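Asks:
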Amino acid sequence: MAEAATGVVRVEKVRGRSALTRCFARYPFKLIAPSKVGPAACDAVWLYALTYGGGIVSGDTVSCTVSVGDGCTAAITTQASTKVYKAVGSKCSQQLLEARVGEEAMLAVIPDPITCFSAARYHQKQVFQVSSNSNLVLVDWFTSGRYENGEKWDFSFYKSVNHIFLGDQPLFIDSVLLEQGSNCSIGKQMQEYNVIAMVVLLGPKLKHIQEQMQDEVRKLMSGQLRPPTSGGSLYTMRTQRAQHPQMPPLVASCSPFGRTGTGMVARVAAVSTELVYSFLRHNLAALQPFLGASPYAAS
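According to our numbering, the sequence shown holds residues 407 to 705 in order.
1) Put K497 into one of helix, strand or coil per three-state DSSP.
2) How would you label R527, buried or exposed, when you count the other beta carbons within 10 angstroms and need 16 or more for buried?
3) Have a look at the DSSP bridge pairing and note the partners of Y454.
4) Given a threshold of 16 other Cβ atoms within 10 Å of its Cβ, counted over all protein chains shown, does Q500 qualify as buried or as exposed?
5) Please identify the residue among V420, E680, A511 whose C-alpha is closest to the C-alpha of V472.
6) Nearest to R423 by CA position, among C590, G475, G460, is which residue?
7) Leaving out five residues before and five after V657 in sequence, what residues of the same chain have Cβ atoms less than 6 angstroms from its Cβ?
8) Measure the beta-carbon distance from T457 to K436 and round it to whole angstroms, keeping in mind my assumption that it falls under 8 angstroms.
9) Got a sec? Which residues, its chain only, sit under 8 angstroms from P445 by beta carbon, not counting five neighbours each side?
10) Assuming contact is defined by CB atoms lying nearer than 8 angstroms, are F561 and C522 in contact in what I supplied?
11) Just to confirm my understanding: we take M653, look at its own chain, exclude 5 residues before and 5 after, and list those with CB closer than 7 angstroms. What are they?
12) Taking DSSP as the reference, what is the three-state secondary structure of K489?
13) Hey, how far is the Cα of G413 from the Cα of Y683?
14) Which residue comes first and which comes last in the alpha helix (DSSP H) that contains P695?
15) Please list the terminal residues of the continuous beta strand (DSSP E) segment that includes F548.
16) Specify, as a first and last residue, the run of the beta strand (DSSP E) that Q652 falls within.
17) Out of L503, E680, V507, which has the shortest C-alpha to C-alpha gap to A704?
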């Protein structure tokens, strides 16, 4: 296996503001910290995570640890989708993230999607340690591959694991596993859908965004169940013939988690990346006051 690439990020209060006090990465991993994102008055540190060559080579392991100190705000994103190249033999490309979010702090992990090429093998694990009043935004999503070129669900293996711990107690445990089988291919199970996304919102500062997203999803899905009309929502694609109904172009659901419902997870499936970008842009726009910029605004 290739030597692990390690990244270390630490955000702490310096003179009353969130500041990047440590930022280290080694090949093939790279971290870019722009000097300014959004208005100067906004107290947030932004980081762009990327790999040389724009993707992860078979057998590479990219690992990163992140610490967001008490009262700080940080956002981690990417410049484009992360490409996972064809596997050599049984070698698996891996990404590992361990993050600690302090008291009254906020961490937003808002990347572009993972795109696995034909025959790729990919494993991702993300572990978050939070406090009772920490705030976490997590977007974890992937596409069927280069589907516009006809490469749909042709990768060999995909696994994504997300754990959130409150102290030593598990608060949220999620795992997605897709593997080509002899009885039924991934493509057959996914039907027309090309993008799968999960959005996690946790913490008191994000309560209103949770409620807004729940309302949006409720309206969206109730509209999908109504007979076709001349109108429609931003995500709705009406059928041409009522007697031959199509699958909705985007489906979504929301569920609370945690003992007092302090967290919410939304799950989305869509026929195109653009529809999910639109969903994320619309539903996460309210993060702008915290982050200084609206997630996915330039996508």
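We put the beta carbon where it would ideally sit given N, CA and C, even for glycine.
Small disclaimer: the values here were computed from a predicted structure and weren't measured.
Replies: Here's the rundown:
1) DSSP places K497 in coil when its eight states are reduced to three.
2) By the 10 Å Cβ count, R527 comes out buried.
3) Residue pairing by DSSP puts Y454 in a beta bridge opposite I438, T483.
4) The residue in question, Q500, is buried, as its Cβ has 16 or more Cβ neighbours within 10 Å.
5) Minimum Cα distance to V472 is reached at A511.
6) Closest by alpha carbon: G475.
7) So the list reads A675, once near-sequence residues are dropped.
8) With 8 angstroms as the limit, T457 and K436 qualify as a contact, their Cβ atoms being about 7 angstroms apart.
9) Taking P445 as the centre and dropping the five residues before and after it, the same chain places the C-beta of G698 closer than 8 angstroms to its C-beta, in chain order.
10) Taking C-beta atoms as the reference points, F561 and C522 count as a pair closer than 8 angstroms.
11) Shown here for M653: same chain residues with a beta carbon closer than 7 angstroms to its own, the five before and five after excluded, namely Q597, E598 in chain order.
12) Strand.
13) So the two alpha carbons sit approximately 27 angstroms from each other.
14) Residue range 694-697 is occupied by the alpha helix (DSSP H) that includes P695.
15) Counting along the chain, the beta strand (DSSP E) containing F548 begins and ends at 541-549.
16) Premise fails: Q652 is in no beta strand (DSSP E) and is neither H nor E.
17) Ranked by Cα distance from A704, the first of L503, E680, V507 is E680.
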